[in-house]
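Here the structure comes first, spelled out in structure tokens, and everything after it is commentary.
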Amino acid sequence: MKGLFIVFEGIDGSGTSTQASLLENYFLNNYKKAILSPEPSSGPIGNLIRQILKKRVILTEDSQKFDEQMAYLFAADRHDHLYNDVDGVFKLINEGCQVICTRYYFSSLAYNCQTKEDWNFIKSLNQRFPNPDLVIYINLPVESSLQRLSDRPQKEIYETKNKLIKVARNYRDIFAEYTGLLLQIDGTESKDIIHKKIIEFIQKKIIF
Ligand code: TMP
Numbered sequence: 007m008k009g010l011f012i013v014f015e016g017i018d019g020s021g022t023s024t025q026a027s028l029l030e031n032y033f034l035n036n037y038k039k040a041i042l043s044p045e046p047s048s049g050p051i052g053n054l055i056r057q058i059l060k061k062r063v064i065l066t067e068d069s070q071k072f073d074e075q076m077a078y079l080f081a082a083d084r085h086d087h088l089y090n091d092v093d094g095v096f097k098l099i100n101e102g103c104q105v106i107c108t109r110y111y112f113s114s115l116a117y118n119c120q121t122k123e124d125w126n127f128i129k130s131l132n133q134r135f136p137n138p139d140l141v142i143y144i145n146l147p148v149e150s151s152l153q154r155l156s157d158r159p160q161k162e163i164y165e166t167k168n169k170l171i172k173v174a175r176n177y178r179d180i181f182a183e184y185t186g187l188l189l190q191i192d193g194t195e196s197k198d199i200i201h202k203k204i205i206e207f208i209q210k211k212i213i214f
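Mapping of the sequence shown onto this note's numbering: residues 7 to 214, in sequence order.
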């Protein structure tokens, strides 16, 4: 039997990594194969992206050009992440493993778009990537996210108030029109309550 492809989305600091780990443990404790596989991925393009996000590699000072270059890199990383023959998402799913991703093409639409033209460009770059079996969107107010991020030692390129306000708006628009299976969760709840809601939803909606 094929595994599930489950994606977590949310602004930086919203708790997607914590919830993805809790979900992985839930599957493992129930004798299911499961793996965490974030984007940017651990592959060669994903590693380059991480260096750029930390400002170890500088692409350009021009913000419009930067967004466009990042959109291409994220899409190239996504293709590698899904389809590579070593640890690609579809290889793992076909082996019966539940693959849990923090971030997918929704993040490109949320983070790498400033205008309607950007939106159309990013939609077209990502149009051939299939929808996951389930998207879990953790909705956290920007103020709460900034408070959590202030405790972290290192800041990444997109972790600013203005950027996250735009990203949160983009997420709202994306999920207002998304037609796949979606769970939207209030990210201000405790991590245990959020985890419980996710498990209840999966048990109710997905047969596996
Ligand atoms: P992370 O915080 O989940 O590790 O993700 C790293 C950053 O990459 C985060 O700020 C969101 C950003 N990102 C994009 O801008 N576009 C994308 O397509 C993806 C997958 C991530």
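Ideal Cβ positions, reconstructed from N, Cα and C, are used throughout, including at glycine.
With contact defined as three or more Cβ pairs closer than 8 Å, the stretch 149-159 and the stretch 18-37 are in contact. Fewer than three pairs of CB atoms, one per stretch, sit closer than 8 Å, so the stretch 173-190 makes no contact with the stretch 57-77. In the DSSP assignment, Glu-15 forms a beta bridge with Tyr-143.
Here Ser-47 is buried: its Cβ has 16 or more other Cβ atoms, across all protein chains shown, within 10 Å. Judged by the Cβ position, Tyr-89 fails to qualify as a neighbour of ligand 1 at the 7 Å threshold, every heavy atom of the ligand being at least this far. Per the coordinates, the alpha-carbon of Phe-207 lies some 17 Å from the alpha-carbon of Cys-107.
By the Cβ neighbour-count rule, Leu-34 is exposed, with fewer than 16 other Cβ atoms within 10 Å of its own. Separation of Arg-109 and Ala-116 (C-alpha to C-alpha, rounded to the nearest whole angstrom) is 10 Å. In the DSSP assignment, the residues bridged to Ala-40 are Gln-104. For Arg-109, the shortest C-beta to heavy atom distance toward ligand 1 is below 7 Å.
Annotation: the continuous alpha helix (DSSP H) that includes Leu-115 extends over 111-117.
Within the model, the alpha-carbon separation for Leu-146 versus Tyr-177 is close to 11 Å.
Asn-100 has its alpha-carbon roughly 17 Å from the corresponding atom of Phe-135.
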